[in-house]
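See below for the structure under consideration.
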Amino acid sequence: MALITLLLSLLVVATGAALWALRRPEKTQINSKNSDKIRDINKYASRNEVASALSRLISEDGAGDWPPRCAHHDLPSCFQPYQDIYLELIPNMSTAHPTLDDEANGNRMAEFRGSMSKLLAQRVNIPEVEAALKRFEAGDRSAFTREAYNAVYCCIAVCRHAYRWATIPVVKQAQNEMVLDFPRELDAPWPYLQRHFGLTAESGNNTANVLLNFDESGDRIYKININMSDLIKQAEDVFFRMFLDVEVSGFPIYHEMVLTIVAFEQGRKEASLKHLESITGQLRELLAIFYNNMKDTRISRTVWLSYVQGFQGWGVGRMVNGEFDKFDGLSGNHVLFFQAVDAFLGLGRYLPDENMDRYIPVNQRNLCQAIKKHSIRDKLNDSEDSALKQEFLKIVNHMKVFRAAHRTRARPYLEHPAPERLIMTAGKSVLETPQTKGFEDAYKPLDDMLAQRLEVTV
Ligand code: HEM
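According to mature numbering (1 follows the signal peptide of the UniProt record, and there is no 0), the stretch in the sequence shown is residues -18 to -1, 1 to 440, in order.
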């Protein structure tokens, strides 16, 4: 009898666990199996420039892992008000009924910004915030771990973006602003954080706003659309999770890149080929993240433009020596993985120097520079190294298919009507001028950039 009771209770527990697993929100398990690879990378760091740059990225920006670790639930106390204020105010930011009435939109923005400014002034102690950042900058890690620093970077960046737009969907009033004064609480920490990561933009970037916006159990912390439909919430979640998942799957590929290069430089070409083959296989799986998710059933085209993209834009700036200097928001072109693969293939960079310095953390820039410098592809000999050459071509072909698919799939998302706003991408800001003749005309330069990138992927 006792045995039957025990078996029955085990069955109930197992069924419950299975049901719970089914209902559980999608999560990405990060940072679970990298330790052997990190040891390997650190082992080569003293002898190889790529390993050294990757090791530095992991230990500094990654707080010991990659994708970066982020202590969102353990902020130094002087930064806690920022997180509280974001979480308190963000449910009011989106509206299910965007209006075309300029005055009403202006009022919504003023109300959001007014509440945020007031709460920040009441709760944030700027001297304490600056003192903590100064201590960290001077190398004192006693009160402030790297993973907490990462969490602060994300938190301040998303608070700045929330203040920038003040209402979602993004509206023309906000897009027409050229210069925006931020509350002192949002301006004071920014130069420290940007200096630490080696960036110059006033806007956030893919690392700050997206990659760091997950805790160690893979939960996304700073969401945008809290009280909106499930369709909107799913589009937001699936879209941003793709970028984390790309870096999760990217990490073992960075490791294999190091091994491919090290083996080749040591004259162990067979081993180099094995590592290269492993990259090809893993790349196919990584790109499936994009193919499986960037489609209407996962990220609805009816909501993406109005509810998901806008928050990550920027499009304001400042006057410098009589000239207007504008910053852009986030783009897929910030993603480390694609820059690293291009460098590994020996291709030229997509982003010009100015944009690299503004939006890409210095340790990511240095890693790609080291990979490019040690790219073995142009050292291959036609007859002796034909297997390696063939394998590189397979990687090139994967990237071509990705670029062609990205170009085709991006367009219908951007083309979807959003009458409350001007034509804009987050990464390139407003595309429309009074002379623009519709979407086709506004989008052509970007489409040309994507076509050009596909062409040089050889
Ligand atoms: C609806 C979703 C998306 C749209 C509308 C879109 C649109 C665009 C546009 C217009 C560009 C060219 C302008 C620029 O550089 O900013 C671009 C570049 C880029 N995007 Fe996206 N994108 C989307 C999603 C993604 C995703 C999910 C990824 C990767 C996971 C990605 C990766 C890239 C990369 C790597 C570039 C640089 C060009 C290249 O290397 O081929 N994009 N995107």
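All residues carry an ideal CB built from backbone N, CA and C; glycine is no exception.
Since the model is a prediction, treat every value here as computed from it, not as a measurement.
Item                                                                                                                              : Value
Reference residue 202, options 181, 151, 187, 226, closest by Cα                                                                  : 226
Three-state secondary structure assigned by DSSP to residue 46                                                                    : coil
Best match in 144, 53, 121 for proximity to residue 94 [C-alpha to C-alpha]                                                       : 144
The segment 274 to 291 touching the segment 247 to 254, judged by at least three CB pairs closer than 8 Å                         : no
As assigned by DSSP and simplified to three states, the class of residue 300                                                      : strand
Reduced DSSP category for residue 437 - H, G, I as helix; E, B as strand; rest coil                                               : helix
Residue 200: CB within 7 Å of a non-hydrogen atom of the ligand HEM                                                               : no
8 Å contact criterion, which residue 71 and residue 98 should meet: CB distance rounded                                           : 6 Å
Member of 153, 148, 132 whose CA lies at the smallest distance from the CA of residue 171                                         : 132
Contact test: residue 392 Cβ vs the ligand HEM heavy atom, cutoff 7 Å                                                             : yes
Segment contact flag, the segment 283 to 300 with the segment 395 to 414, C-beta cutoff 8 Å, min 3 pairs                          : yes
Distance cut-off 7 Å: residue 383 Cβ against heavy atoms of the ligand HEM                                                        : no
Chain-order list of residues whose beta-carbon lies under 6 Å from that of residue 148 (same chain, five-residue window excluded) : 91, 94, 95
Reduced DSSP secondary structure (H/G/I, E/B, other) of residue 335                                                               : helix
First through last residue of the alpha helix (DSSP H) which encompasses residue 366                                              : Premise fails: residue 366 is in no alpha helix (DSSP H) and is neither H nor E.
Closer than 7 Å: residue 415 CB and nearest the ligand HEM heavy atom                                                             : no
Cβ-heavy atom distance, residue 410 to the ligand HEM, below 7 Å                                                                  : yes
Any non-hydrogen atom of the ligand HEM within 7 Å of residue 285 CB                                                              : no
Where the beta strand (DSSP E) through residue 419 begins and ends                                                                : Looking at the DSSP string, residue 419 is not in any beta strand (DSSP E), and its letter there is neither H nor E.
Proximity test, residue 317 beta-carbon vs the ligand HEM heavy atom, cut-off 7 Å                                                 : yes
Residue 472 Cβ short of 7 Å to the ligand HEM heavy atom set                                                                      : Residue 472 cannot be examined here, being either before or after the span of the chain that is shown, -18 to 440.
Reference residue 62, options 105, 248, 378, closest by Cα                                                                        : 105
CA-to-CA distance, residue 370 to residue 192, given in whole angstroms                                                           : 35 Å
Residue 85 - containing alpha helix (DSSP H), residue span                                                                        : 84 to 105
Coil, strand or helix - residue 405 by DSSP                                                                                       : coil
Whole-angstrom distance between residue 114 and residue 387, CA atom to CA atom                                                   : 46 Å
Beta-carbon proximity list for residue 154, same chain, < 8 Å, skipping 5 on both sides                                           : 84, 87, 402, 403, 404
Residues near residue 389 by beta carbon distance below 8 Å, same chain, minus five either side                                   : 429, 432, 433, 436
Straight-line Cα distance separating residue 185 from residue 422                                                                 : 27 Å
Cut-off 7 Å between Cβ atoms - residues of its own chain near residue 54, not counting five sequence neighbours on either side    : 133, 197, 203
Nearest-angstrom beta carbon gap, residue 209 and residue 73 [assumed within contact, 8 Å]                                        : 5 Å
Short Cβ contact (8 Å threshold) for residue 229 with residue 289                                                                 : no
Cβ neighbour criterion (16 or more within 10 Å) applied to residue 163                                                            : exposed
Which listed residue (231, 58, 121, 375) has its alpha carbon closest to that of residue 130                                      : 58
Sub-8 Å separation of residue 283 and residue 395 beta-carbons                                                                    : yes
Residue 139 to residue 320 span [Cα, whole Å]                                                                                     : 23 Å
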